[in-house]
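Numbering (the working numbering), first residue to last: 1129 to 1308. So the structure is just underneath, and the comments pick up after that.
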Amino acid sequence: MRVLGIDPGTIHMGYGVVDETDGELTLVDYGVLNAPSGDPIERRLWRMFEGLQELVRDHSPDSMAVEEPFVVRGPRRSALAVGEARAVALLVAAGQRVAVAQYTPTKVRSTVADYGACDKEQIREMVGLLLNRSLNHIALDASDALAVAICHLRHAALDRLIGEQDVEAVGAKRRRNDRA
1129 MRVLGIDPGT IHMGYGVVDE TDGELTLVDY GVLNAPSGDP IERRLWRMFE GLQELVRDHS
1189 PDSMAVEEPF VVRGPRRSAL AVGEARAVAL LVAAGQRVAV AQYTPTKVRS TVADYGACDK
1249 EQIREMVGLL LNRSLNHIAL DASDALAVAI CHLRHAALDR LIGEQDVEAV GAKRRRNDRA
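Listed below in structure tokens is the structure:
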């Protein structure tokens, strides 16, 4: 399964592509889409839209995992801008017919690092360990996006496991009923 993880932003949007085969994670690509901070919001969003479309075309992900905005304090405009960037990612996914999953920052951190309150540097270090690579040199937006992708892969694997157990349980119940 290939997942494109997104850490939304209107100036810097992190992305990370991770494959999982038989429980093994493989780093495919990562980076940051950038837009000039002085540009109007509509131009920055358009630039993110075009960049994400290109990433989806280049990597053909099975799904896209997008981090949901989380703002406790800070300027309201910042929260709205992150929401707008998230909407761009969702539109690209819908337009390219890519399945979407969304995760809160706390869910991503607790899934990847077993601690929901860890900082961005700790996430980057843990992502590096999970991908068996040193990632100390990469932008935090990119490592956050990789963490979102890994979070989705972990939850998708758990969902598949639960689904298989449900199928086995239904099959066993049917076999018992057939014998009766």
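Backbone N, C-alpha and C define an ideal beta-carbon position, used for all residues, glycine too.
Around the beta-carbon of residue 1241, 16 or more other beta-carbon atoms lie within 10 Å, marking it buried. When only Cα atoms are considered, residue 1137 and residue 1150 end up about 32 Å apart.
Where residue 1263 is concerned, there is no enclosing beta strand (DSSP E), because DSSP gives it neither an H nor an E. Taken in chain order, the complete alpha helix (DSSP H) segments of 4 or more residues contained in the stretch 1188 to 1231 are 1204 to 1223.
Cα atoms of residue 1167 and residue 1174: separation of roughly 11 Å, rounded to the nearest angstrom.
Your pair residue 1227 and residue 1190 checks out as a contact, with CB atoms roughly 7 Å apart and the cut at 8 Å. Looking from the CA of residue 1183, the closest CA among 1160, 1196, 1279 belongs to 1160. CA-CA distance, residue 1248 to residue 1141, rounds to 15 Å. According to DSSP, residue 1148 shares a beta bridge with 1153.
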